[in-house]
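> Numbering (our numbering), first residue to last: 760 to 1020.
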C-alpha cells in the first residue's frame, strides 16, 4: 500500500528553488534601493562581513570562540534535556501517578517565554554558565518529555496485549514494544526542542556573556551593525539546520519503518 501524503516524495529541488527565489528577492529590493541598507544590507555586504568577522573576529573574540561557546551551551543543555526528558516522559506515559505529579509543573512553565523567567535564573544561579545552560535546558526539556509521553500513549493497546499473551515480561514489553513505538515521537520532540533551544540562545547569552553567537548579534545590534547581525543569524540557521539534519539521519537509522504503509 502506498504511503499517505507526501511521504517518500523528494522536496529538495523545491526547497532549493524557494531558497533561490528568496535570495533573489532580497538582492532585488536592496540593489534597487527599495529598502535602506541600514535595515536590510545587501547579500554581498553580509558575505563580505562574514569574511571580515571570520578573519578578524568580533567584540574581542575570534568567530570560532563565539560559535564554540554557543555550541557548548546548547549541546550540554540538549544532552541534559534528552537524558532527563525521555525517561520522565516514558514514565508519565506508563504511570498515572507520575503523570499526575509531573504534568502540572511542566504544563505550568512550558508555555512561558524564556525571557519571562530569565531574571529568576540570574537571581537563583548567578551570571555564570549555570544560568545560561539551565535556561536552555528548561526550554528544551518540556517538548522532549511531552513527546515521549505522547509516544507511549499513542501505542495501540492491542500490540501490548498481544505481547503479554505471548508471555512477554515487563522488561521485554518495554524494550520491544513501548520504546520502539514511542521512538518516532521522541525524535520529533528532540527536533522541536532543538529549534526552541536555538531560538532561546540569544536570550540565554544576554546574561553577562562575552562569547557566543547570541552575544555577537546583540552586540552588533547596539551599534546598528545590521550586516553583522545577519552574519550571526546565518550562523545560527546553519547550526540549527545541521542539528535538525542529524536528527533526521537518526530517524532513518532508528525508525526506518516510519511513514511506510
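Glycine included, C-beta positions come from ideal geometry on N, C-alpha and C.
If residue 830 and residue 998 are in contact, beta carbons under 8 Å, what's the gap, nearest whole angstrom?
Confirmed, about 7 Å.
> Do the region 932-950 and the region 965-976 touch if we need at least three Cβ pairs shorter than 8 Å?
Cβ pair count under 8 Å is below three, so no.
> Give the secondary structure of residue 984 by DSSP, where H, G and I count as helix, E and B as strand, and everything else as coil.
Residue 984: coil per DSSP, three-state reduction.
> Looking only at C-alpha atoms, which of 918, 877, 864 sits nearest to residue 905?
When each option's Cα is compared against that of residue 905, the closest is 864.
> Counting along the chain, where does the alpha helix (DSSP H) carrying residue 1016 start and finish?
Run containing residue 1016: none; DSSP gives neither H nor E here.
> Could you please give the first and the last residue of the uninterrupted alpha helix (DSSP H) stretch that includes residue 831?
Taken as a continuous stretch (DSSP letters only), the alpha helix (DSSP H) holding residue 831 covers 822-853.
> CA-CA distance, residue 770 and residue 885?
Each residue's Cα considered, the two are about 46 Å apart.
> What residue from 951, 854, 835 has the CA that sits closest to residue 891's CA?
Out of 951, 854, 835, 835 has the C-alpha closest to the C-alpha of residue 891.
> Any idea if residue 1007 is buried or exposed, counting beta-carbon neighbours within 10 angstroms, 16 or more meaning buried?
Exposed: under 16 other Cβ atoms inside 10 Å.
> I believe residue 990 touches residue 809 by the beta-carbon criterion, under 8 Å. Please report the beta-carbon distance rounded to the nearest angstrom.
Yes, they are in contact, since the Cβ atoms of residue 990 and residue 809 sit about 5 Å apart, within 8 Å.
> Taking 9 Å as the cut-off, decide whether the C-beta atoms of residue 812 and residue 987 are in contact.
Their beta carbons are under 9 Å apart, which means residue 812 touches residue 987 by this criterion.
> State the start and end residues of the unbroken alpha helix (DSSP H) segment that holds residue 795.
Element bounds for residue 795: n/a, residue is neither H nor E.
> Quick check for students: name the residue ranges of the alpha helix (DSSP H) that lie wholly in the region 855-918, counting only runs of 4 or more.
The region 855-918 contains these whole alpha helix (DSSP H) runs: 855-868, 873-884, 888-912.
> Can you list, in chain order, the residues of its chain whose CB lies under 7 Å from that of residue 947, leaving out five sequence neighbours each side?
Same-chain partners within the cutoff: 906.
> Rank 945, 795, 851, 930 by C-alpha distance to the C-alpha of residue 1013 and give the top, closest one.
Of the candidates 945, 795, 851, 930, the one whose C-alpha sits nearest the C-alpha of residue 1013 is 945.
> Here's the rule I'm using: 16 or more other beta-carbon atoms within 10 Å means buried, otherwise exposed. How should residue 784 be labelled?
Flag for residue 784 reads exposed.
> For residue 822, is the classification buried or exposed, using 16 other Cβ atoms within 10 angstroms of its Cβ as the cut-off for buried?
That one is buried.
> Which same chain residues end up closer than 6 Å to residue 914 when comparing Cβ atoms and leaving out the 5 residues on each side of it in sequence?
Answer for residue 914: 940, listed in chain order.
> Measure the CB-CB distance between residue 837 and residue 952 and report whether it falls below 9 Å.
Against a cut-off of 9 Å, the Cβ pair of residue 952 and residue 837 comes out as a contact.
> Expressed to the nearest angstrom, what Euclidean distance is found between the alpha-carbon atoms of residue 887 and residue 881?
If I take the Cα positions, the gap works out to 9 Å.
> Quick check on residue 976: buried or exposed, where buried means 16 or more other Cβ atoms within 10 Å of its Cβ?
Looking at its Cβ environment, which holds 16 or more other Cβ atoms inside 10 Å, residue 976 is buried.
> How big is the Cα-Cα spacing for residue 930 and residue 1009?
For residue 930 and residue 1009, the distance between alpha carbons rounds to 24 Å.
> Among 979, 978, 958, which has the Cα closest to the Cα of residue 996?
That would be 958, whose Cα lies nearest to the Cα of residue 996.
> Is it the case that the Cβ atoms of residue 843 and residue 900 are separated by a distance below 9 Å?
Yes, these two residues count as a Cβ contact at 9 Å.
> How long is the line joining the alpha carbons of residue 781 and residue 921, rounded to whole angstroms?
C-alpha separation (whole angstroms): 52 Å.
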